[in-house]
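**Q** For the sequence shown, this note's numbering assigns the number 2 to the initial residue and increments by one for each residue that follows.
Beta carbons: idealized from backbone N, C-alpha and C, even for Gly.
Below is a structure I'd like to ask you about.
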Amino acid sequence: MKNLFIIHGYKANTESHWFQWLKSSMMRYGYTTEIIPLPNSVQPKYKAWSQTLDDYLSHKLTNETIIVAHSLGVITTLDYLSHHANETHIKGLFLISGFNEQLPNIPELNHFITQTDISLNNINAHTIKVIGATADPIVNIDATRRLSSSLGIDTIEIPHEGHFLASEGYTTFEFLLEQINRLLNKKRD
Numbered sequence: 002m003k004n005l006f007i008i009h010g011y012k013a014n015t016e017s018h019w020f021q022w023l024k025s026s027m028m029r030y031g032y033t034t035e036i037i038p039l040p041n042s043v044q045p046k047y048k049a050w051s052q053t054l055d056d057y058l059s060h061k062l063t064n065e066t067i068i069v070a071h072s073l074g075v076i077t078t079l080d081y082l083s084h085h086a087n088e089t090h091i092k093g094l095f096l097i098s099g100f101n102e103q104l105p106n107i108p109e110l111n112h113f114i115t116q117t118d119i120s121l122n123n124i125n126a127h128t129i130k131v132i133g134a135t136a137d138p139i140v141n142i143d144a145t146r147r148l149s150s151s152l153g154i155d156t157i158e159i160p161h162e163g164h165f166l167a168s169e170g171y172t173t174f175e176f177l178l179e180q181i182n183r184l185l186n187k188k189r190d
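In structure tokens form, the structure reads like this:
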């Protein structure tokens, strides 16, 4: 089954930023897209977010699955995939403004972050792309670079002073769609 899951981040919801636009855009590729509604994103709780991901993703991951995660959704997704390493190798994983460490400027997320148990060697994806903004005030590009380095890949850095939010003009995300399109047009090895 061709499915794409969008995992939002801190203080976001299914209607935020570029999520609905991406969902609509993926229809032309024959993809069913779900934006997973993570509960209480203003005061996220690890167990609730983890359970919600399990409810939505369990038995739905295929070799045609693409996951797009943003911000706190990245570390949540990596945690989930780390614990489901025996499931299908997914097609693509796109991590936007990602991190896998505590953020000094958002200490209120420390408890959530310390509960994650990520083994990056267990991430089963044919293609992984990490995209970060060069001047992200929320997730510093250095944190995103460290995540990429841990995954053994380079960060795709976009010259942008922001966190890819609608309030910064990101109601669409053409670059991300281009990256997904490249994956879909890529021949399997």
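Would you kindly work out how many angstroms separate the C-alpha atoms of residue 105 and residue 142, rounded to a whole number?
**A** Rounded to whole angstroms, residue 105 to residue 142 spans 13 Å at the Cα level.
**Q** Taking 8 Å as the threshold, find out whether the region 74-83 comes into contact with the region 36-51 through three or more Cβ pairs.
**A** yes
**Q** With DSSP as the reference, label residue 112 as helix, strand or coil.
**A** helix
**Q** When we look at the beta-carbon of residue 86 and count the other beta-carbons within 10 Å, is it buried (16 or more) or exposed?
**A** exposed
**Q** Using the Cα positions of residue 138 and residue 21, report the straight-line distance between them to the nearest angstrom.
**A** 24 Å
**Q** Tell me where the beta strand (DSSP E) around residue 134 begins and ends.
**A** 126-134
**Q** Measure from the alpha carbon of residue 173 to the alpha carbon of each residue in 13, 118, 23, 113, then state which is nearest.
**A** Per the Cα distances, 23.
**Q** Within 10 angstroms of its Cβ, does residue 153 collect 16 or more other Cβ (buried), or is it exposed?
**A** exposed
**Q** When the Cα atoms are used, what is the spatial distance from residue 164 to residue 109?
**A** Distance between the alpha carbons of residue 164 and residue 109: 18 Å.
**Q** Quick one: is residue 4 buried, meaning 16 or more other Cβ sit within 10 Å of its Cβ, or exposed?
**A** buried
**Q** Straight-line CA distance for residue 168 to residue 145?
**A** 21 Å
**Q** Taking three-plus beta-carbon pairs below 8 Å as touching, is the region 120-133 in contact with the region 23-35?
**A** no
**Q** Taking C-beta to C-beta, are residue 197 and residue 73 nearer than 8 Å?
**A** The structure shown does not extend to residue 197, since the chain spans only 2 to 190, so no value can be given for it.
**Q** Which ranges does the beta strand (DSSP E) cover as unbroken runs of at least 3 residues, wholly within the region 135-186, from first to last along the chain?
**A** 156-159
**Q** What residue from 111, 69, 12 has the CA that sits closest to residue 42's CA?
**A** 12
**Q** Identify whether residue 43 lies in helix, strand or coil by the three-state DSSP scheme.
**A** coil
**Q** What does a CB cutoff of less than 6 Å around residue 178 pick up in its chain, not counting 5 residues either side in sequence?
**A** 26
**Q** If we call anything under 8 Å between Cβ atoms a contact, is residue 92 one with residue 66?
**A** yes
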